[in-house]
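Structure first, commentary second.
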Amino acid sequence: MKVNNKRRTVAIGIVVGGLAIVGPTAAMANNLHSAGHGPNGPRMITAQGMSHTDSLKQTAVSSNNERTAFNYFVGKGLTAKQSAGVIGNLDQESGMNPKSNQAGGPGRGIAQWSEGGRWETLKKYANKKGKSAESLGLQLDFVWHELNTGGYGFSDLKKATSIDKAVRIFQDQYEICGDCRFDNRSKAAHAAYDKYAHGGGGTKPKPKPKPGNPKPSKVYKNVWAEAPSYKHRDRSAKVGVLHRGKNYFYCQQKGAGASFAGYHNNWWLKTDDDSGNANVWVNATYVSGGVNDGKIPGVRAC
5 MKVNNKRRTV AIGIVVGGLA IVGPTAAMAN NLHSAGHGPN GPRMITAQGM
55 SHTDSLKQTA VSSNNERTAF NYFVGKGLTA KQSAGVIGNL DQESGMNPKS
105 NQAGGPGRGI AQWSEGGRWE TLKKYANKKG KSAESLGLQL DFVWHELNTG
155 GYGFSDLKKA TSIDKAVRIF QDQYEICGDC RFDNRSKAAH AAYDKYAHGG
205 GGTKPKPKPK PGNPKPSKVY KNVWAEAPSY KHRDRSAKVG VLHRGKNYFY
255 CQQKGAGASF AGYHNNWWLK TDDDSGNANV WVNATYVSGG VNDGKIPGVR
305 AC
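Its first residue numbered 5, the sequence shown is counted upward by one per residue in my numbering.
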């Protein structure tokens with residue numbers, strides 16, 4: 005951070021358990037925060053991009069929200085590496101908690117948007133959409149809205165070919181923090197990529213086939229709505245969910261009929277769901293490209 009030569013900055017320190025912690029004066033801290041104003045106003049930042057307390061430790065991350073966010077950005081057209089770069093930043097900022105409220109500071113939501121600044125814009129956006137400002141889906145939509153309409157490094161992010169490059173771009177041009185703890189963001193981004201990037205669609209890696217068994221083939225299809233998964237094709241033993249986005253399937257077979265959102269189908273697709281269950285069944289009504297009571301094109305029969 006550059007120091008204004010016309011004004012002296014006074015650091016104040018406290019000792020906690022023998023550890024000296026030095027930071028800016030309270031008056032200065034009140035004027036510095038992450039996810040500050042955008043291109044049409046000043047971009048104010050913090051030393052850490054989080055509250056001073058939270059910046060000293062790794063934020064607990066919601067794995068379900070993290071997976072949902074990763075799939076969201078991949079579904080919007082970002083590569084798995086670019087999406088992981090975004091996720092690493094949001095993990096560091098809030099632990100992917102849409103209700104995150106910065107202790108002693110103005111940061112709110114998954115990106116720690118500033119009260120009095122971009123958080124107010126988000127609330128207006130939420131009101132226009134008729135959704136809660138504290139919902140994960142709305143906040144992901146707002147990130148995408150800002151990237152597309154406000155700049156925030158979107159053109160550079162789309163050119164990123166490595167995870168760390170994507171982390172750096174989103175950190176510097178969207179979060180706009182000071183001492184951002186890049187190593188934390190990078191570590192979280194690489195971890196997200198390892199967990200969700202198999203096939204580029206955020207699906208979990210399939211179990212390794214047993215020795216001597218042929219390697220099962222898989223076909224990637226778009227799941228247009230969150231789908232329940234079942235152990236059997238008769239809709240008994242519901243076991244988990246398969247999130248929206250690009251997911252893989254092994255094969256399909258007829259079973260009990262199921263209806264959803266006005267569609268009906270008696271074909272079921274075998275996959276590994278997002279709840280950690282292998283070889284489960286999802287009804288074809290949730291998969292794009294089919295017709296009522298018809299097969300999903302391109303997926304072999306079981």
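Every residue, glycine too, gets a C-beta built ideally from N, C-alpha and C.
Anticipated Cβ contact below 8 Å, residue i with residue j, distance rounded
i                 : j              : result
asparagine 269    : aspartate 238  : No, asparagine 269 and aspartate 238 are not in contact; Cβ-Cβ is about 14 Å, not under 8 Å.
glycine 89        : alanine 195    : 12 Å between Cβ atoms; not a contact.
glycine 92        : serine 104     : Incorrect: roughly 16 Å between the Cβ atoms, too far for contact.
phenylalanine 253 : valine 303     : 5 Å
aspartate 168     : serine 190     : 5 Å
tyrosine 76       : leucine 144    : 5 Å
tyrosine 234      : valine 243     : 7 Å
alanine 137       : methionine 100 : Wrong, their Cβ atoms sit about 16 Å apart, outside the cutoff.
Buried or exposed (CB count within 10 angstroms, at least 16 for buried), residue i
i              : result
serine 166     : exposed
glutamate 150  : buried
glycine 81     : exposed
aspartate 183  : exposed
valine 291     : buried
proline 301    : exposed
lysine 128     : exposed
valine 286     : buried
threonine 153  : exposed
serine 55      : Bear in mind that the predicted position of serine 55 carries a pLDDT of just 35, short of 50, making it unreliable; the figure below should be weighed with that in mind. Classification for serine 55: buried.
valine 284     : buried
glycine 266    : exposed
cysteine 306   : exposed
alanine 241    : exposed
alanine 201    : buried
valine 227     : buried
asparagine 251 : buried
asparagine 188 : buried
alanine 282    : exposed
lysine 132     : exposed
tyrosine 156   : buried
glycine 120    : exposed
glycine 108    : exposed
lysine 274     : buried
aspartate 58   : Residue confidence for aspartate 58 is low, a pLDDT of 39 falling below 50, so the modelled location carries little weight; the figure read from the coordinates is stated next. The residue is buried, with at least 16 neighbouring Cβ atoms inside 10 Å.
tryptophan 117 : buried
Those residues which DSSP pairs with residue i across a bridge
i              : result
threonine 253  : Reading off the sequence shown, one finds phenylalanine at residue 253, where the question assumed threonine. Answer is Val223, bridged to phenylalanine 253.
threonine 275  : Val284
alanine 232    : Just to set this straight, residue 232 is proline in the shown sequence, not alanine. BP columns for proline 232 point to Val245.
alanine 305    : Gln256
glycine 111    : Ser118
tyrosine 267   : Phe264
valine 291     : Val227
asparagine 296 : In the DSSP output, where bridge partners are listed per residue, asparagine 296 has none listed.
asparagine 105 : Arg112
Closest residue to residue i among the options (Cα-Cα distance)
i              : options                           : result
glycine 280    : Val147, Lys199, Trp271 and Cys306 : Lys199
alanine 229    : Val147, Ser67 and Gly79           : Gly79
threonine 125  : Lys299, Cys181 and Val147         : Val147
proline 102    : Leu142, Ile173, Asp277 and Gln177 : Leu142
tryptophan 271 : Cys255, Arg122, Ala282 and Asp278 : Cys255
alanine 84     : Glu138, Gly120 and Val171         : Val171
serine 87      : Ala130, Ser98, Gly111 and Glu70   : Glu70
aspartate 245  : Lys235, Gln257, Ala231 and Lys258 : Per the sequence presented here, residue 245 reads as valine, with aspartate not at that position. The option with the nearest alpha carbon to valine 245 is Ala231.
glutamine 96   : Lys274, Arg185 and Ala260         : Arg185
alanine 260    : Asp276, Lys250 and His236         : His236
lysine 225     : Gln106, Lys135 and Ala288         : Ala288
alanine 115    : Asn68, Gln177 and Gly134          : Gln177
aspartate 277  : Cys181, Ala262, Arg248 and Gly294 : Arg248
glutamate 179  : Ala130, Ala262 and Phe158         : Phe158
leucine 140    : Gln175, Asn68, Gly293 and Lys258  : Asn68
Within the stretch 113-152, note down every full alpha helix (DSSP H) run reaching 4 residues or more, in order along the chain. 122-133
Query raised in the report: What are the start and end residues of each continuous alpha helix (DSSP H) run of 4 or more residues lying completely inside the stretch 161-190, in chain order?
Result: 167-174
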